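Under my numbering, the first residue of the sequence shown is numbered 769, with each subsequent residue one higher. Beta carbons are placed, not taken as given, at the ideal position from N, Cα and C, and that holds for glycine. Owing to the predicted nature of the structure, the values given are computational and were not obtained by experimental measurement. Just below is one structure, and these are the notes that go with it.
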Amino acid sequence: MTKKILIAYYSWSGITARLAKKLQAALGADVYNMSIPTDTFSADMYETSAIAQKQLASGNLPRLTVVVPDLSQYDLVLVGGPVWSGAPATPVRSFLKEIAGSSVPLAPFYTHTGSADDYEQEFAALAGQHQIFKGMGVVGAHIADADIQIASWLEQF
Ligand SMILES: Cc1cc2nc3c(=O)[nH]c(=O)nc-3n(C[C@H](O)[C@H](O)[C@H](O)COP(=O)(O)O)c2cc1C
């Protein structure tokens, strides 16, 4: 694999961050953490879900507090985040909106507890004109055992 890859991820409770770390270890790629203001969500999952629903209804997505790197230097961006209500978490949506002007190919990776639903279709719809590779979904409890799944996902790049 000779591509220059960026791993860009959001993680509300640290699970997708663990998967991003494994990808980083496998690829030696650069990493961008989609930081948002710390008071955006609650520590409670249900309150967080309600806040995210309000963001979706208003279109007022979280602000990314760290500038997104210049994507023209990358051949591929692996975009990671948790599944929220069967779809990408709102900070991932903020990221996709922010990079709308770029044409770098994207590949989604995501963590969930068992119902990823239409995550990849939703991701593709949000990603607009970007070329999208097949994604990788991992149940959070299985990340420690995901090395084979990760290696096989990375083979396509
Ligand atoms: C607001 C919210 C909505 C969620 N919706 C789903 C869902 O629809 N399906 C699912 O399997 N897990 C769902 N989860 C669980 C997370 O996707 C899962 O725990 C994920 O691995 C968390 O990753 P993170 O620690 O990187 O945020 C939800 C969690 C939150 C906080």
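- Secondary structure within the region 776–851: the beta strand (DSSP E) runs of 3 or more consecutive residues, fully enclosed, are 798–801 (chain order).
- The beta carbons of residue 863 and residue 832 sit about 7 Å from each other, so the pair counts as a contact at 8 Å.
- Cβ atoms of residue 802 and residue 777 come within 8 Å of each other, at about 7 Å.
- In this structure residue 788 touches residue 848 by the C-beta definition: roughly 5 Å separates them, less than 8 Å.
- Taking C-alpha positions only, residue 840 is separated from residue 858 by approximately 24 Å.
- For residue 891, the enclosing alpha helix (DSSP H) covers residues 887–894.
- Using a cutoff of 7 Å, the CB of residue 875 does not count as near ligand 1, since none of the ligand's heavy atoms is closer than that.
- Bridge pairing for residue 905: 878 [DSSP].
- Between the alpha carbons of residue 779 and residue 868 lies a distance of about 21 Å.
- Its chain contains 883, 884, 885, 886, 887, 890 as the residues whose beta carbon lies nearer than 8 Å to that of residue 854, once the 5 sequence neighbours on both sides are disregarded; these appear in chain order.
- DSSP, read as helix, strand or coil, puts residue 916 in helix.
- A distance criterion of 7 Å places the beta-carbon of residue 904 beyond contact range of ligand 1, judged by its closest non-hydrogen atom.
- DSSP lists 851 as the beta-bridge partner residues of residue 856.
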